[in-house]
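Here's the structure we're looking at; comments come further down.
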Amino acid sequence: MKLLGLIAVAGLALATPLALAQDNPVKAGVEAWERGDYKTAVDRWRGPAMKGDADAQFNLGQAYKLGRGVKADLNQAETWYGKAAAQGHEQAQASYALALFANGKRDAAASWLQRAAGRGDPRAQYVLGTMYFNGDIVQKDWIRAYALVTRSSQSGLAEASGAIAQMDKYMTVQDRQAGLALARKYEEEANRAPLPGSNPPVEVASAQPPRTVPVRTPPRATPSPVPVPVRTQPAPATTAIRDGGWRLQLGAFGDPGNARKLWSQVGNRFPGRSVSYVKAGSLTKVLVGPFASRAEAAGACRGISPCVPVSN
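Going left to right, the sequence shown walks through residues -21 to -1, 1 to 291 as mature numbering (1 follows the signal peptide of the UniProt record, and there is no 0) numbers them.
The structure is reproduced here in structure tokens:
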């Protein structure tokens, strides 16, 4: 039997003060997006995107993926993700990899998936893991597949947990144990990676559209896939997350790339929460949320520094 998996991830963008938004069309677009004025958001982003602004390009990819403010167009989404990814935009690189995969360009997707999975993106880990399990484009490697999908499952991706259950049916106990050991090694390597330096606290819209990425696992005898109805809404969280107006500030950076690098290294510690990159002068703040209260936000800070609860 083969698996047909669904990746659905929803994000939450953070509005900026009007004065700042007026100074920067990317920020203004984010503010419009969060008001539900998607057409204005797209109009604000298009100019900077055409001039090479990676954040605006990523945001346009999101709009085309969701079909908000523009007609849904996966090819356009892929194009804009690709432009931002080529400039080193890490969120865009993961989204570009998944868009390539969803559009059937698996050869092109493989290297981008490797990059995103190596930085800890759970969606990329899930898709790349199933590719290794299938021997799809990459050489079949069930131990590596099990390790990658385990890491994705540990980040809270429900589809990865389902894939683990399917893999368990085909893998020996020894291979599963080897996969778990490799997953622990990946985790240790991620934890040892140095975090980028932070300065005291531009905005990138991080409202991520739902993603539907078909992923197969290999059958024992027959290659015919078993179709599964595709969901168009994000998978419900196990526990509802309430927005009480609190976020965590994980740092502020002069180099926006370091802000994204930080999130790629610690994002799996905040399952179900979303990241926003907010410009404050020449700095980019990393904000994560939502949280129901200051106490809940402070509890999520344990073991992470810098990490400060902030209210909206």
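By construction, the Cβ of each residue, glycine as well, lies at the ideal position given by its N, Cα and C atoms.
Chain-order list of residues whose beta-carbon lies under 8 Å from that of Pro285 (same chain, five-residue window excluded): Here residue 285 is taken as the residue at index 306 of the sequence shown, counted from 1. Excluding residues within five positions, the ones whose Cβ falls inside 8 Å are Ser177, Gln228, Leu229, Gly230.
Relative to the C-alpha of Thr129, which residue among Thr109, Ala276, Ala20 is closest? For this step, residue 129 is matched to residue 150 along the sequence shown. That would be Thr109, whose Cα lies nearest to the Cα of Thr129.
Spatial neighbours of Ser32 in its chain, beta-carbon cut-off 7 Å, leaving aside the 5 residues before and after: Sequence index remark: in the sequence shown, residue 32 carries index 53 (1-based). Sequence inspection shows Asp at residue 32; the Ser mentioned does not correspond to that position. Here the set comprises Val5.
Does Ser185 come out as helix, strand or coil in the three-state DSSP assignment? The residue labelled residue 185 in the question sits at position 206 within the sequence shown. Confidence at Ser185 is low in this model, with a pLDDT of 45, below 50, so its placement is unreliable and the value that follows should be read with caution. DSSP places Ser185 in coil when its eight states are reduced to three.
Exposed or buried, which one is Ala(-14) when buried takes at least 16 other CB atoms within 10 Å? The residue labelled residue -14 in the question sits at position 8 within the sequence shown. For Ala(-14), the predicted model reports a pLDDT of 39, less than 50, meaning its position is unreliable; a value from the coordinates is still stated below. That one is buried.
Can you tell which of Ser272, Ala124, Ser255 has its C-alpha closest to the C-alpha of Ala160? Residue numbering aside, residue 160 sits at position 181 when the sequence shown is read from its first letter. If we check each option's Cα against that of Ala160, Ala124 comes out closest.
For the region 260 to 271 against the region 143 to 163, do three or more pairs of beta-carbon atoms, one drawn from each stretch, fall closer than 8 Å, so that the two count as touching? no
Taking 8 Å as the threshold (C-beta atoms), are Ala71 and Phe112 in contact? Your numbering for residue 112 matches position 133 in the sequence shown. Your numbering for residue 71 matches position 92 in the sequence shown. No, the Cβ-Cβ distance between Phe112 and Ala71 is not below 8 Å.
Nearest-angstrom Cα separation, counted from Lys50 out to Lys84: Here residue 84 corresponds to residue number 105 of the sequence shown, with the count starting at 1. Here residue 50 corresponds to residue number 71 of the sequence shown, with the count starting at 1. Distance between the alpha carbons of Lys84 and Lys50 is about 22 Å.
Element boundaries [beta strand (DSSP E), containing residue 333]: Look at the range of the chain in this structure, -21 to 291, and you will see that residue 333 is not part of it.
Determine the closest residue to Ala87 out of Asp100, Gly8, Asp115, with distance taken between C-alpha atoms. To locate residue 87, count along the sequence shown from 1; it is residue 108. Nearest of Asp100, Gly8, Asp115 to Ala87, Cα basis: Asp115.
Scan the region 9 to 69 and note each continuous alpha helix (DSSP H) run of 4 residues or more that stays entirely inside, going in chain order. 17 to 29, 33 to 45, 53 to 65
Less than 8 Å between the beta carbons of Arg53 and Ala89, yes or no? What you label residue 53 is simply residue 74 of the sequence shown in a count that begins at 1. What you label residue 89 is simply residue 110 of the sequence shown in a count that begins at 1. It should be pointed out that residue 53 corresponds to Leu in this sequence rather than to Arg. It is not a contact, given that the beta carbons lie outside the stated cut-off.
Enclosing beta strand (DSSP E) for Leu227 [first to last residue]: Translated into positions along the sequence shown, residue 227 becomes position 248. It spans 225 to 232 - the beta strand (DSSP E) in which Leu227 sits, taken as one unbroken run.
Buried versus exposed call for Met150 [16 or more other C-beta atoms within 10 Å across all chains shown]: Taking the first residue of the sequence shown as 1, we reach residue 150 at position 171. That one is buried.
In terms of alpha-carbon separation, which member of Phe232, Arg239, Ala238, Gln133 lies closest to Arg248? Residue 248 sits at position 269 when you count from the first residue of the sequence shown. Among Phe232, Arg239, Ala238, Gln133, the Cα nearest to that of Arg248 is on Gln133.
One question on the structure: do Tyr105 and Ser131 come within less than 8 Å of each other, judged by their Cβ atoms? Here residue 105 is taken as the residue at index 126 of the sequence shown, counted from 1. Here residue 131 is taken as the residue at index 152 of the sequence shown, counted from 1. Closer than 8 Å, so yes.
Taking the alpha carbon of Ala42 as the reference point, which residue from Gln153, Trp24, Lys30 has its own alpha carbon closest? In the sequence shown, the residue the question calls residue 42 occupies position 63. With distances taken between Cα atoms, Ala42 lies closest to Trp24.
Proximity to Ala126 [Cα-Cα], best of Ala7, Leu107, Val267, Ala35: As a first step, residue 126 must be located in the sequence shown, where it is residue number 147. For Ala126, the nearest C-alpha among the options comes from Leu107.
Count the other CB atoms, across all protein chains shown, that sit within 10 Å of the CB of Ser255; report buried if there are 16 or more and exposed otherwise. To locate residue 255, count along the sequence shown from 1; it is residue 276. Answer is buried; the Cβ neighbour count reaches 16.
Would you mind sorting Gly158 into buried or exposed? The rule is 16 or more other CB atoms within 10 Å of its CB. Along the sequence shown, one-based indexing puts residue 158 at 179. The residue is buried, with at least 16 neighbouring Cβ atoms inside 10 Å.
Nearest candidate by alpha-carbon position, reference Pro269, set Leu77, Lys62, Leu45, Arg226: As a first step, residue 269 must be located in the sequence shown, where it is residue number 290. Comparing Cα positions, the closest option is Arg226.
From what residue to what residue does the beta strand (DSSP E) around Val117 run? For the purposes of this step, residue 117 is taken as residue 138 along the sequence shown, with counting starting at 1. Per DSSP, Val117 belongs to no beta strand (DSSP E) and is neither H nor E.
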